[in-house]
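J.: For the sequence shown, numbering that gives the first Met the number 0 begins at 0 and goes up steadily by one. Glycine included, every Cβ here is placed at the ideal spot set by N, Cα and C.
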Amino acid sequence: MTASIDWNTIDLGGETDTSITVSNGSLVVPKGLEKIDNFITEEDASDLLSGFDRQSFTWAGFEQRRKVTRFKEEDLNGGGLPSGIENLVQKFIQQTGRKPTEVAVEEYPKNQLHKLLNTDKATVSTFEASTKFNYQEEKNDYFMAILPIYASAVEYINRPKIRKPDCWDLYSEQHCSGILLEKRCLYVKTDEYLFEWRSRISTLGPDERGDQPILFVKFYFLPPENLSETEQLEDSIFGYRPSEDLLDRPDKMPPIEDILTVIVTTSPIKSNPSTELLERVFDTFPNGGDSFAYKCRKIIVCDGCRQRDAKTTKKHNNFKQAMRNGIVNDDQYENYTQFKQNLSKLCESAQQDSAFWNTSVEELDTRHGYGFALRHALQECVSTPYVIVIQHDRTFMRPTPIEATLRAMWHNHHRIKYVGMSMRSNLLYRDQFGSKYGRSYMEAMKTCILRPPELQVDGTAYGPEGANLDNMDYGGQPRLRQNLEALVETYRSSMCHADHQEWLASNPIPSAKAQLSLTPTFFWYDNVHICETAHYRDFVFHPPYKMVVRGGFVEDKLSPVIKKAVERMGLVQGHARFGCYLLDDHSGMFFTGHLDGGSYITKDKRMVFQQRSSTGSSMSEDKL
Numbered sequence: 000m001t002a003s004i005d006w007n008t009i010d011l012g013g014e015t016d017t018s019i020t021v022s023n024g025s026l027v028v029p030k031g032l033e034k035i036d037n038f039i040t041e042e043d044a045s046d047l048l049s050g051f052d053r054q055s056f057t058w059a060g061f062e063q064r065r066k067v068t069r070f071k072e073e074d075l076n077g078g079g080l081p082s083g084i085e086n087l088v089q090k091f092i093q094q095t096g097r098k099p100t101e102v103a104v105e106e107y108p109k110n111q112l113h114k115l116l117n118t119d120k121a122t123v124s125t126f127e128a129s130t131k132f133n134y135q136e137e138k139n140d141y142f143m144a145i146l147p148i149y150a151s152a153v154e155y156i157n158r159p160k161i162r163k164p165d166c167w168d169l170y171s172e173q174h175c176s177g178i179l180l181e182k183r184c185l186y187v188k189t190d191e192y193l194f195e196w197r198s199r200i201s202t203l204g205p206d207e208r209g210d211q212p213i214l215f216v217k218f219y220f221l222p223p224e225n226l227s228e229t230e231q232l233e234d235s236i237f238g239y240r241p242s243e244d245l246l247d248r249p250d251k252m253p254p255i256e257d258i259l260t261v262i263v264t265t266s267p268i269k270s271n272p273s274t275e276l277l278e279r280v281f282d283t284f285p286n287g288g289d290s291f292a293y294k295c296r297k298i299i300v301c302d303g304c305r306q307r308d309a310k311t312t313k314k315h316n317n318f319k320q321a322m323r324n325g326i327v328n329d330d331q332y333e334n335y336t337q338f339k340q341n342l343s344k345l346c347e348s349a350q351q352d353s354a355f356w357n358t359s360v361e362e363l364d365t366r367h368g369y370g371f372a373l374r375h376a377l378q379e380c381v382s383t384p385y386v387i388v389i390q391h392d393r394t395f396m397r398p399t400p401i402e403a404t405l406r407a408m409w410h411n412h413h414r415i416k417y418v419g420m421s422m423r424s425n426l427l428y429r430d431q432f433g434s435k436y437g438r439s440y441m442e443a444m445k446t447c448i449l450r451p452p453e454l455q456v457d458g459t460a461y462g463p464e465g466a467n468l469d470n471m472d473y474g475g476q477p478r479l480r481q482n483l484e485a486l487v488e489t490y491r492s493s494m495c496h497a498d499h500q501e502w503l504a505s506n507p508i509p510s511a512k513a514q515l516s517l518t519p520t521f522f523w524y525d526n527v528h529i530c531e532t533a534h535y536r537d538f539v540f541h542p543p544y545k546m547v548v549r550g551g552f553v554e555d556k557l558s559p560v561i562k563k564a565v566e567r568m569g570l571v572q573g574h575a576r577f578g579c580y581l582l583d584d585h586s587g588m589f590f591t592g593h594l595d596g597g598s599y600i601t602k603d604k605r606m607v608f609q610q611r612s613s614t615g616s617s618m619s620e621d622k623l
């Protein structure tokens, strides 16, 4: 698995003649690293799980999933441990002179480890001791020890200049390396190594085939976590700006046209030069309220493109895929140019009763991709504290409480940074999350659900008793309406619905009102969303974080970063850095739809296609 690495042996020194195997021959050996060779025998390893039910393992971890079972201090002192674990704990105490307060057995699925050792310093950001602690006084008391049982593994380590998970600057190039954790050998971390270095199980050992369980026993005695809520809020890393976030805002929110800018992103598509797709999108804006549709400033960002040439790679031979990557042929280039001209005329001629009123077109000379096109708009075109981002084929399917959502964000700006409008695929997000990550994460997630009073809205328009189905745009198609009715029934049997009903039982609201909720999301959906401008511009697009790349979508790179933050900081703290939520009115209906701009055909061309189909013509839809 790691055969391409040149491994080096470094002597640990001290009374015992021990050494470690590392990928960086110039590694500065961490102070506080101890190793006991052959801590257990092969027979001990075979007997370890004697009387131990591996089926009792529960899934843990967020970004790096693994099976875990834990034994707390009361288990260690009260007996009743599996015999293999009890013998191992006693042996640990005898040989190290240290008494653990917790023992964990972890099994890593093979698919959770990298095939090759990644020596990128940014891949490791997890501290074994999760809280800051002045270890100078009792530096030898606290420890963490790890024992690989059946298979050797590589743990990648580094030491940042500052003890922060998101600090990518290291002490030096000699402060990062892969360390080979040899099977049946014990590695103990204390002192500086425990508190100042970060680590992560990365790959299997170089001689492992992966046919043995990747099993570790870990022994802990760590300081308690003691961060207060105030300390968490004042943490200036990873998205928090105390000078702004801790300032009170006026109780009365200004009109939304003064605080919200609408950003619509577009790029070359098959329906160019027609503006019909965008017209259909803008026609749904009144669902967000009159002020949103007719008063807010709107910016349509037209991404640049690249014309096909001899250098175009084979993977772009497919025209639809090529357009998605901003590569067009000569005809498509002319169509896109004409589309931008048509769009500018449409905006310039719009009257006050048109959603295109107060709309400007921002043309980019070169292809940026969705993410960087959005960044350009945020940096160059926006002066309001909030933006709502809409892709060129996303629509509002029914009335959507834009103003109420903004009010909730305005009065809870230190917590709510992003609110996504639900779509069909994430309507049951809470259930999807629970089935994937299990009960413990689900319980933590429930503590993060917000139900601000600003989202207590008209019960005739929203919520289980609202006229949601009647207000839904289903295009007059009875079958679609039936599907939506079935979706409502599915929702009513979901965890989302049950949790909300339980909350309502102890938090009654006026009968004429519906309480909407904000569900924490660990995926940054590019679908229609409202976001704090400074959070987007100064955090998400902050260059050192590299959370968005040129040519890509925001959700593709940022979502894995959110998962990693949760993995290393815990669900509550990891999510708080991003402050992203999904809006749910508990009606069982979603707010937004998708027209699929890449395949969109204008009404006129659809009629031609239908006529040709009825006459037996072989012309394909792709040629229209």
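1. Examine the ligand MG and report whether any of its heavy atoms sits within less than 7 Å of the Cβ of Glu531.
2. Is it buried or exposed for Asp257, if we count other Cβ within 10 angstroms and need 16 for buried?
3. If you reduce the DSSP assignment to three classes, tell me which class Cys495 lands in.
4. Assuming Phe589 and Glu554 are in contact, meaning their beta carbons sit under 8 Å apart, how far apart are those beta carbons, in whole angstroms?
5. Could you compute how far the alpha carbon of Thr8 sits from the alpha carbon of Ile145?
6. If I follow the unbroken beta strand (DSSP E) through Thr394, where does it start and stop?
7. Classify Thr40: buried if its beta carbon has 16 or more other beta carbons within 10 angstroms, exposed otherwise.
8. Contact between the segment 402–415 and the segment 321–339 is defined here as three or more beta-carbon pairs at a separation below 8 Å; is this criterion met?
9. Compute the beta-carbon to beta-carbon distance between Lys182 and Ser201, rounded to the nearest angstrom, for a pair I have assumed lies under 8 Å.
10. Please classify Val381: does DSSP put it in a helix, a strand, or coil?
11. Could you check which residue in Thr283, Val187, Arg366 and Pro477 has the C-alpha nearest to that of Phe91?
12. Between Asp537 and Tyr369, which are expected to be in contact by the criterion C-beta below 8 Å, what is the C-beta distance as a whole number of angstroms?
13. Using the rule of at least 16 other Cβ atoms within 10 Å of the residue's Cβ for burial, across every protein chain shown, is Val418 buried or exposed?
14. Please name the residue, chosen from Gln93, Asn157, Ile84 and Gln111, that lies closest to Glu101 on a Cα-to-Cα basis.
15. Thr189: which of Arg97, His113 and Tyr155 sits nearest, CA to CA?
16. Can you tell me where the alpha helix (DSSP H) holding Asn341 begins and where it ends?
17. Put Asn7 into one of helix, strand or coil per three-state DSSP.
18. From Ala121 to Tyr192, what distance separates their C-alpha atoms?
19. Just to confirm my understanding: we take Glu72, look at its own chain, exclude 5 residues before and 5 after, and list those with CB closer than 6 Å. What are they?
20. Could you have a look at His528 and say whether DSSP puts it in helix, strand or coil?
21. Looking at the structure shown, is Ala460 part of a helix, part of a strand, or coil, going by DSSP?
22. For Gln264, write down the residues that DSSP places opposite it in a beta bridge.
23. Can you give the Cα-Cα distance for His367 and Met408, rounded to whole angstroms?
24. Along the chain, where does the alpha helix (DSSP H) containing Leu468 start, and where does it finish?
25. Can you give me the Cβ contacts of Asp10 inside the same chain, cut-off strictly under 6 Å, excluding the 5 residues immediately before and after it?
26. Under 8 Å between the Cβ atoms of Thr591 and Phe395?
27. Going by C-alpha distance, which of Ser359, Ile389, Arg397 and Pro452 is nearest Glu379?
28. Give the single residue among Cys184, Arg162, Arg199 and Cys166 whose Cα lies nearest to the Cα of Ser176.
29. Using only CA atoms, which one of Asn324, Ser82 and Lys297 lies nearest to Gly551?
30. Which residues in the same chain as Arg406 place their Cβ atom closer than 6 Å to its Cβ, once the five residues preceding and following it in sequence are excluded?
31. Terminal residues of the continuous alpha helix (DSSP H) containing Gln93?
32. Taking the alpha-carbon of Asp168 as reference, which of Ser270, Pro543 and Phe220 has the nearest alpha-carbon?
33. Would you mind stating whether Asp302 and Ala376 have Cβ atoms separated by less than 8 Å?
34. Using the rule of at least 16 other Cβ atoms within 10 Å of the residue's Cβ for burial, across every protein chain shown, is Ser558 buried or exposed?
35. If you reduce the DSSP assignment to three classes, tell me which class Tyr436 lands in.
36. Here's a check: name, in chain order, each residue in its chain whose Cβ is nearer than 8 Å to the Cβ of Glu230, leaving out the five neighbours to either side.
T.: From the atom records:
1. You won't find the ligand MG in this model; it holds no ligand whatsoever.
2. exposed
3. helix
4. The Cβ separation is near 17 Å, so there is no contact.
5. Taking the straight line joining both Cα atoms gives about 20 Å.
6. Arg393 to Phe395
7. The residue is exposed, with fewer than 16 neighbouring Cβ atoms inside 10 Å.
8. no
9. Actually they do not touch by this definition, with Cβ atoms about 16 Å apart.
10. coil
11. Val187
12. 19 Å between Cβ atoms; not a contact.
13. buried
14. Nearest C-alpha to Glu101 among Gln93, Asn157, Ile84 and Gln111: Ile84.
15. Arg97
16. Asp329 to Glu347
17. strand
18. Residue placement at Ala121 is flagged as unreliable, the pLDDT there being 48, under the threshold of 50; the coordinate-derived value follows with that caveat. The alpha-carbon atoms of Ala121 and Tyr192 are separated by roughly 18 Å.
19. Thr100
20. Three-state result, His528: strand.
21. coil
22. Reading the sequence as shown, one finds Thr at residue 264 and not Gln. Partner(s): Val300 and Gln390.
23. If I take the Cα positions, the gap works out to 29 Å.
24. Asn467 to Asn470
25. Ser18
26. yes
27. The residue from Ser359, Ile389, Arg397 and Pro452 with its alpha-carbon nearest to that of Glu379 is Ser359.
28. Arg199
29. Distance from the Cα of Gly551 is smallest, within the candidate group Asn324, Ser82 and Lys297, for Asn324.
30. Met252 and Glu453
31. Ser82 to Thr95
32. Pro543
33. no
34. Ser558 counts as buried, since at least 16 other C-beta atoms from the protein chains shown sit within 10 angstroms of its C-beta.
35. helix
36. Residue placement at Glu230 is poorly supported in this model, since its pLDDT is 38, which falls under 50; the coordinates are not used for a value here.
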